[in-house]
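Asks:
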Amino acid sequence: MTGSMAQGAFRSWCESFRARAQAAGISDACLAAAFDDVAELPDVLRRDRDQAEFTRAIADYLGRAVSEARVTTGRQILRDQAPLLSRIAARFGVPAEILVAIWGMESDFGRVRGDVPVIGALATLACDGRRAALFERELIAALRIVEAGAVARPEMLGSWAGAMGHLQFMPSTYLANAVDFDGDGRADIWSDNPTDALASAAACLVAKGWQAGLRWGAEISLPPGFDLALAGRDVRRPVGDWAAHGVVLPRRAFPQEAPAAILLPAGHRGPAFLVTDSFEALRRYNAADAYVLAVGHLSDRIAGGESLRAAWPADQRALTWDEILALQRALSAAGFHTSGADGLAGPNTFAAIRAYQTANGLPADGFPSEELLARLLG
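The opening residue of the sequence shown carries number -1 in our numbering; numbering runs sequentially from there.
Dropping the structure here:
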């Protein structure tokens, strides 16, 4: 489709969207101002298309996310912003180092908040059709924010996907969780002042189940002969039970009765982690285990903790989307059904891999490795 044809289709979509937005309660004045000069953003579409092609081993991901430079900056911010962070922690029960870690992960401590017009980005993605309903809901949420006067449309800038501010909130997340912590009359996550953004992130985590006084988790050591069938987010036991099974916990104590699971993000050859309900709250903030582990480990390092003890497998890489798709199809063909093939290694794929490994006398860690794929395709 040529540029002029694409823009014509986009303008047509905008006209049809106006009626739906009006039905959702958005005023004519807001719509006129918001869509007066809005245009389709081809770079947004390109980045949306490209993101599925990038895969990275968790060791590489964590190495970049928890870099020494980021740890050093985070520790400095923890000192510089101590009064503010202490007030937020006292109100919401979310530790300062967790908020600083998320801030570092989301926007490099406010340095990279995005410069893409949010309404244009969301309109482009909604018009594209692949996830139209999702992005149309976010677009209407963005219009509600503008109509409420929280931010002027030209200042509503963010990522190519519409995430905004220091903590990269989507518009619906802002509407549900934004906090005017400095009391100036509006919850401002866009300006250079991070006060409202950090408090809003804390409020969001509490809404998603963060448990005050309960750490996200920690690196652990598994005993020889540990039953790998007990690893995985679906097996939750009190911390005291894990200790009774020989799991070596860190010196910093967890409540013995707290439910926890064991994660092996690189399979049985990599580090092991005990994760709590606070980990699950972080996961509702961002559903990628690698992201949550990065936030947790970065927060520990910012608070003065050490690097991970166990080494990541040096020869391990992440499977590509096409390889995961082939793995899923091969598992299903072998009688270990993944409930569809979508190129994403979710819980159904994890369970199918584990069942295959168990049936074939392999370490049943559920990890989608190159070796497993070669065995299935060989």
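No residue lacks a Cβ here, since even glycine has one placed at the ideal position from N, Cα and C.
1. Whole angstroms are fine: how far does the CA of L375 sit from the CA of S397?
2. Applying the 10 Å Cβ sphere with the 16-neighbour rule, what's the burial state of V290?
3. Closer than 7 Å by C-beta to I54: which residues in its own chain qualify, once you throw out the five before and the five after it? Chain order, please.
4. Measure the CB-CB distance between L212 and T274 and report whether it falls below 8 Å.
5. Please classify Q254: is it buried, with 16 or more other beta-carbons within 10 angstroms of its beta-carbon, or exposed?
6. Alpha carbon to alpha carbon, what distance is there between L141 and A22?
7. Rounded to the nearest angstrom, what separates T356 and R267 at their Cα positions?
8. May I ask you to list the residues that DSSP assigns as paired with V114?
9. Under 8 Å Cβ to Cβ from S25, same chain only, skipping five residues before and after it: list those, please.
10. I'd like to know whether the C-beta atoms of V237 and F252 end up nearer to each other than 8 Å.
11. List in chain order: all unbroken alpha helix (DSSP H) runs of 4+ residues lying wholly within the region 203 to 282.
12. Could you pull out every unbroken alpha helix (DSSP H) segment of at least 4 residues lying fully inside the region 120 to 158, listed in chain order?
13. When you compare only the Cα positions, how much space is there between R127 and L120?
14. Rounded to a whole number of angstroms, what is the C-alpha to C-alpha distance between I187 and L165?
15. Excluding the 5 residues flanking E321 on each side, which residues of the same chain have their C-beta closer than 7 Å to its C-beta?
16. Applying the 10 Å Cβ sphere with the 16-neighbour rule, what's the burial state of V42?
17. Helix, strand or coil for M103? Go by DSSP, reduced to three states.
18. In or out: G6 buried (at least 16 other Cβ within 10 Å) or exposed?
19. So, at 8 Å on beta carbons, what are the nonlocal neighbours of H103 in its own chain, with the 5 sequence-adjacent residues on each side left out?
20. Look at V245 and L220 and say whether their C-beta atoms are less than 8 Å apart.
21. Going by DSSP, which residues form a beta bridge with M162?
22. Only counting the same chain, and skipping five residues up and downstream in sequence, which positions put a Cβ closer than 8 Å to that of G156?
23. Who are the Cβ neighbours of F224 in its own chain at under 6 Å, not counting the five residues just before and after it?
24. What's the gap between the Cα of A285 and the Cα of D182?
25. Using alpha carbons as the reference points, say which of Y283, G160, C125 and R184 lies closest to A201.
26. Compute the distance between the beta-carbons of V204 and F90, then report whether it is under 8 Å.
27. Less than 8 Å between the C-beta atoms of L76 and E95, yes or no?
Replies: The answer reads as follows:
1. Residue 397 falls outside the range modelled here, since the chain spans only -1 to 376, and no answer is possible.
2. buried
3. Per the sequence shown, residue 54 should be read as Arg rather than Ile. Counting only Cβ-Cβ distances below 7 Å, and skipping sequence neighbours, we find A316.
4. yes
5. exposed
6. 10 Å
7. 17 Å
8. G156
9. E145
10. yes
11. 237 to 242
12. 130 to 145
13. Strictly speaking, residue 127 in this sequence is Gly, with Arg absent from that position. Each residue's alpha carbon lies about 11 Å from the other.
14. 8 Å
15. L371
16. buried
17. helix
18. exposed
19. For the record, residue 103 in the displayed sequence is Met; it is not His. If we look at M103 and ignore the five residues flanking it on each side, its Cβ neighbours are A63, Y289, A292, V293 and L296.
20. yes
21. G156 and F167
22. R111, G112, V114, V116, A119, M162, G163 and Q166
23. none
24. 33 Å
25. Y283
26. yes
27. yes
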